[in-house]
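S.K.: To convert, count from 1 in the sequence shown and add 103; that's the working numbering. For each residue, glycine too, the CB sits at the ideal point set by N, CA and C. Next up is a structure, given as structure tokens.
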Amino acid sequence: METLIVHNSSRRSWIAVLWGGGLVVAALDLLWWNVLAAGLAERVFGGEEILEDRERVWAAMILAAGIVLLGWGLVSAMRLRPVLTVGPDGLSIALLGPFRPLVSLPWDSISEVFSQPVDDNGSLLPSLTIVLQPNGPRPELPSQPWGARWTGRRILRVLVSDWSVRAVVVETVANHYLDRMAKETPVACADIPC
């Protein structure tokens, strides 16, 4: 089975592109074109409205914000970063932040993976629950993970509402790897009660 790579959904990025484009058009119209603003001023005020300096400053600030929003949205929509990978070596999750490297969890440190909604102030959010082994090797994990929360010492719930793949698909692939790893693990004689 191949590696499953999950990205953030690009929906939020495209919404930022639309808002940024709208802000840029509105600011350019206020500063130079004077097509939309003049027609609106004529309808509202009954005559030509002249922009004051403070209104030009606001229009310049709107233009700058629109350019930043438009640029961020385009870059993040075109260059999606993975937030989770599921492969033969284990799970890798973005728990340190959006621009930090993924944290790797080997399969021998994971007990279970399942999708389950989590309560967030009365609303249920989709999440992927990762249960760590009680005595297995545990990598360094942040106490305040980005986009996730701890429920006890061993249970990590990762919020998946803006992922490109549903949590059920990740659960299926992860459990396939967990089952395969369990079949390949030799049982020592000390593990069998006599």
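Can you check the segment 239-285 for any beta strand (DSSP E) of at least 3 residues that lies completely inside it and give the ranges in chain order?
M.R.: With a minimum length of 3 residues, the continuous beta strand (DSSP E) runs that stay inside the segment 239-285 are 251-254 and 258-262.
S.K.: Restricting to Cα atoms, I'd like to know which of V268, L281 and D282 is closest to L107.
M.R.: As a first step, residue 107 must be located in the sequence shown, where it is residue number 4. Comparing Cα positions, the closest option is V268.
S.K.: So S113 and L183 are supposed to be a Cβ contact under 8 Å. How far apart are they, rounded?
M.R.: Mapped onto the sequence shown, residue 113 falls at position 10. Mapped onto the sequence shown, residue 183 falls at position 80. Sure, about 6 Å apart at Cβ, within 8 Å.
S.K.: Put G125 into one of helix, strand or coil per three-state DSSP.
M.R.: Here the question's residue 125 lines up with position 22 in the sequence shown. Looking at G125 - three-state DSSP - the assignment turns out to be helix.
S.K.: Per DSSP, which one or two residues make a beta bridge with G190?
M.R.: Reading the sequence shown from its first residue, position 87 is the one you call residue 190. The partner list for G190 (beta bridge, DSSP) reads G193.
S.K.: With a threshold of 7 Å on Cβ separation, who are the neighbours of L199 within its own chain once the five nearest residues in sequence on each side are excluded?
M.R.: Start at 1 with the first residue of the sequence shown, and residue 199 comes out as number 96. Excluding positions up to five away in sequence, the list reads V206, P245 and W249.
S.K.: Suppose the cutoff is 7 Å on Cβ atoms and the five residues either side in sequence are ignored; what does the same chain contact list for L228 look like?
M.R.: Numbered from 1 along the sequence shown, position 125 holds the residue referred to as residue 228. Cβ within range, chain order: P220, V221, L262 and S264.
S.K.: Buried or exposed for V111, going by 16 or more other Cβ atoms inside 10 Å?
M.R.: The sequence position of residue 111 within the sequence shown is 8, counting from 1. Note that residue 111 corresponds to Asn in the displayed sequence, not to Val. N111 is buried by the Cβ-count criterion.
S.K.: Ignore the nearest five residues each way along the sequence and tell me which others in S195's own chain have a CB closer than 6 Å to its CB.
M.R.: Against the sequence shown, residue 195 aligns to sequence position 92. Taken in chain order, the residues that qualify are T188, L205 and S207.
S.K.: Write down the C-beta distance between W122 and L172 rounded to the nearest angstrom, noting that I regard them as a contact closer than 8 Å.
M.R.: For the purposes of this step, residue 122 is taken as the residue at position 19 of the sequence shown. For the purposes of this step, residue 172 is taken as the residue at position 69 of the sequence shown. Indeed they touch by this definition, with Cβ atoms about 6 Å apart.
S.K.: By alpha-carbon positions, which one of W175, L259, M164 and L235 ends up nearest to L281?
M.R.: Numbered from its first residue, the sequence shown carries residue 281 at position 178. Comparing Cα positions, the closest option is L235.
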